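In UniProt numbering, the protein residues as written are 1 to 726.
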């Protein structure tokens with residue numbers, strides 16, 4: 001018998017004996033014994049018998065615990081892998097879910113997710129259980145499975161506490177004290193608002209303004225001989241500063257409407273009336289320039305009736321005062337009327353507690369940093385107060401009055417310039433005082449968070465709309481490829497889109513040439529706001545795209561020049577400066593810096609820059625016209641050439657120019673003449689009234705009655721059709 005078979009048989013016999021030994025032992029002896037292999041014969045394959053040896057107790061425990069832990073871990077893993085039973089209703093989804101997480105949320109296996117993603121743009125070969133799915137794919141899978149989805153609420157929204165600062169409740173009438181009235185002067189551009197205010201406060205503001213036009217808002221206190229104080233806000237009358245005028249009426253108590261007696265009611269006059277009505281502020285009519293011979297105050301009053309401004313002499317409640325701001329006539333009468341109206345309004349405020357106010361203007365100063373002009377509406381502002389406005393805060397370092405002198409405090413109704421802001425707030429922002437710097441940082445952090453959440457929500461809506469649009473386009477494009485595998489589809493799409501890879505650089509160059517990139521700098525926040533509002537009205541994107549790369553306050557800096565170089569842009573500055581080193585750097589890099597002090601000149605310069613970016617237009621100028629009276633043909637070599645017998649009835653025909661053939665008012669050919677003859681002689685020019693024979697193209701047949709037009713092409717610089725409204 002074969003020796004190998006004998007060895008196997010011996011092993012089986014020994015194994016059977018070992019089994020009988022195990023059966024003979026009790027369970028307790030089995031658990032408490034260590035089985036030790038012992039070699040009984042010279043054959044290693046089958047000479048093993050198991051002999052029990054008792055284990056010490058500590059070794060038994062240490063050997064058993066890891067096994068228990070292993071079993072427990074496996075049980076937990078099995079529990080985790082169990083499918084979550086799906087309740088009737090909606091599947092809760094969130095952004096950036098993995099394939100496995102979506103399967104668990106739906107109560108399905110991973111293969112179900114793969115099946116739902118068939119015939120889509122997802123590469124299934126590269127899809128793993130931990131691969132992240134886009135939100136539109138998640139929604140599509142849930143819908144394909146016959147289920148509904150709902151978005152999971154962000155945990156952060158529940159956990160984050162609202163730490164915003166709010167206004168105090170209304171004050172007790174017993175603590176209210178009288179305050180100066182805040183008066184806003186409104187009216188059309190160049191109707192004398194600044195001159196009026198200048199005459200009232202005895203300074204030369206108008207002489208400092210560019211072109212005599214107020215470029216940004218100013219807040220001043222006028223001390224009356226009787227001891228009363230009036231706070232005046234001087235707003236720009238130019239059409240560009242509509243938002244600043246609206247802001248002025250929101251913090252004012254009385255509006256003085258200035259109308260020039262010789263001009264009457266104008267566009268910004270009507271707008272100013274509307275601002276006052278929207279704010280619910282009473283009006284005083286100041287008819288200016290009454291010293292001029294052509295002045296007609298009565299016409300002004302009658303024109304205002306059409307806009308529901310009824311003067312007292314017509315039975316209304318609006319005081320009308322004829323003044324001359326330049327000569328100072330009747331200014332005290334106007335001031336007394338203002339004080340009288342303020343007394344009727346009984347203007348009072350709470351001068352205690354935390355400060356509340358409104359920012360009128362914001363600007364940057366090289367030495368002082370961000371500065372704001374504000375009207376205090378409640379409380380008393382002092383040095384060291386911690387303020388919050390918008391998404392920035394300040395610890396007040398200095399306070400300045402309208403003359404630039406430092407003051408210690410500002411009570412309600414008093415305009416003041418505040419120094420100490422971390423960043424420049426926006427004009428129109430509400431000022432609130434808080435207890436500490438830490439509290440201010442909490443408020444700013446909360447407002448920044450809220451803004452980010454709102455922006456994220458809007459971005460998600462835009463992204464989802466774009467994804468839906470892309471999905472529809474994708475499905476429409478791939479309907480014919482649905483029977484192919486994803487590899488075949490990929491190959492077909494690559495071949496179809498291969499040519500686009502080579503056209504992109506050219507398209508980008510054309511786009512850059514037809515785009516005007518802007519860097520806008522202004523002296524104050526309101527000026528920048530006015531310029532941006534004008535640029536928002538730009539509606540000629542098909543002619544030249546307008547791209548605002550950056551905007552801000554302050555003088556032109558090196559960063560602005562570098563930014564303009566990166567975007568091939570132009571720097572526009574309003575009431576700001578650029579030092580010599582910046583100008584030299586800009587010249588070296590070929591960057592244009594355009595500085596202006598009058599807003600309409602800045603807009604005109606901007607339109608010229610847009611015109612330079614437009615491609616030249618080709619204009620056709622007609623030189624002569626001729627009619628075809630007869631047709632015939634001539635043979636040149638082996639070719640038959642059609643010839644038209646024509647008579648010039650307007651202008652002349654010049655062989656050097658271009659021609660076009662018109663038949664039934666349709667242009668059927670354009671090009672150059674092959675020949676032009678007069679009485680069998682080749683000529684260059686045929687004048688009015690002369691007959692000629694001409695040929696255009698050997699394949700072009702003439703008809704009697706056709707028109708031959710001789711014209712010249714010239715390139716003319718296009719002008720933008722954008723109308724900023726003034």
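Ideal placement from N, C-alpha and C gives every residue a C-beta, glycine not left out. Values in this document were obtained by computation on a predicted structure and should not be read as measured data.
**Q.** CB-CB length for residue 525 against residue 363, believed under 8 Å
**A.** 7 Å
Q: Within the same chain, show all residues whose beta-carbon is closer than 8 Å to that of residue 42, passing over the 5 residues directly before and after it, in chain order.
A: In this prediction, residue 42 scores a pLDDT of 41, lower than 50, which makes its location untrustworthy; the coordinate-derived value is nonetheless stated afterwards. Around residue 42: no qualifying Cβ.
Q. If you count every other CB in all the chains shown that lies within 10 Å of the CB of residue 579, and 16 or more means buried, which is it?
A. exposed
Q. What do you reckon, are the CB atoms on residue 412 and residue 401 nearer than 9 Å?
A. no
Q: Sort out for me which residues DSSP pairs residue 322 with in a bridge.
A: 287
Q: Return the residue from the list 340, 694, 173 that minimises the CA-CA distance to residue 680.
A: 694
Q: Please report how far the alpha carbon of residue 735 lies from the alpha carbon of residue 99, in whole angstroms.
A: Because the chain here runs from 1 to 726, residue 735 falls outside it and cannot be looked at.
Q: Report all residues from its chain with a CB closer than 7 Å to the CB of residue 310; omit the five preceding and five following residues, and keep chain order.
A: 316, 318
Q. What are the uninterrupted segments assigned as beta strand (DSSP E) that are 3 or more residues long and contained completely in the segment 639 to 706, given in chain order?
A. 639 to 651, 658 to 663, 666 to 671, 675 to 678, 691 to 695
Q. Buried or exposed: which applies to residue 469, given that a residue is buried once 16 or more other Cβ atoms fall within 10 Å of its Cβ?
A. exposed
Q: Please indicate yes or no: does the CB of residue 657 lie closer than 8 Å to some heavy atom of the ligand SAH?
A: Absence of the ligand SAH is noted for the structure shown, with no ligands found whatsoever.
Q.
With the cut-off set at 9 Å, would you say residue 462 and residue 516 are in Cβ contact?
A. no
Q. Do you know whose CA, among 381, 551, 324, lies nearest residue 357's CA?
A. 381
Q) Can you name the start and end residues of the alpha helix (DSSP H) that residue 526 belongs to? A) 525 to 536
Q.
Assuming residue 632 is part of the beta strand (DSSP E), what are its boundary residues?
A. 617 to 636
Q) Does the pairing of the segment 381 to 392 with the segment 420 to 435 give three or more beta-carbon distances under 8 Å? A) yes
Q. Pairing CB atoms from the segment 285 to 296 with CB atoms from the segment 191 to 202, are three or more of them under 8 Å?
A. yes
Q) Where residue 351 and residue 376 are concerned, what is the direct C-alpha to C-alpha distance, given to the nearest angstrom? A) 10 Å
(Q) As a quick exercise: from 687, 691, 149, pick the residue whose alpha carbon is nearest that of residue 624. (A) 687
Q: Take the Cβ of residue 97 as the centre, count every other Cβ of all protein chains shown within 10 Å, and call the residue buried at 16 or more, exposed below.
A: buried
Q: Using alpha carbons as the reference points, say which of 429, 488, 372 lies closest to residue 419.
A: 372
Q. Taking buried to mean at least 16 other C-beta atoms within 10 Å of its own C-beta, is residue 106 buried or exposed?
A. buried
Q: Determine the closest residue to residue 187 out of 532, 403, 275, 223, with distance taken between C-alpha atoms.
A: 275
Q. Cα separation between residue 230 and residue 550?
A. 39 Å
Q: Closer than 6 Å by C-beta to residue 219: which residues in its own chain qualify, once you throw out the five before and the five after it? Chain order, please.
A: 233, 360, 373, 415
Q: Would you check if the distance between the CB atom of residue 460 and the CB atom of residue 519 is smaller than 9 Å?
A: no
Q | For residue 550, the first and last residue of its enclosing beta strand (DSSP E) | A | 545 to 553
(Q) Cutting at 7 Å between CB atoms, please list the residues of its own chain near residue 713, excluding the five before and the five after it. (A) 618, 620, 658
Q) Between residue 14 and residue 8, what straight-line distance do the alpha-carbon atoms span, to the nearest angstrom? A) 10 Å
Q | Cβ contact check for the segment 630 to 645 and the segment 694 to 707: 3 or more pairs under 8 Å | A | yes
Q) How about residue 262 and residue 306: do their beta carbons lie closer than 9 Å? A) no
Q: Assign residue 112 to one of three DSSP states: helix, strand, or coil.
A: helix
**Q.** Assigned secondary structure, residue 581 (DSSP; H/G/I helix, E/B strand, else coil)
**A.** helix
Q) Which one of 674, 710, 326, 704 has the shortest CA to CA distance from residue 728? A) Any answer about residue 728 is impossible in this case: the structure gives the chain only from 1 up to 726.
Q: State buried or exposed for residue 483, treating a residue as buried only when at least 16 other CB atoms are found within 10 Å of its CB.
A: exposed
Q: Leaving out five residues on either side along the sequence, give the residues of the same chain with a beta carbon under 7 Å from the beta carbon of residue 647.
A: 626, 627, 629, 691
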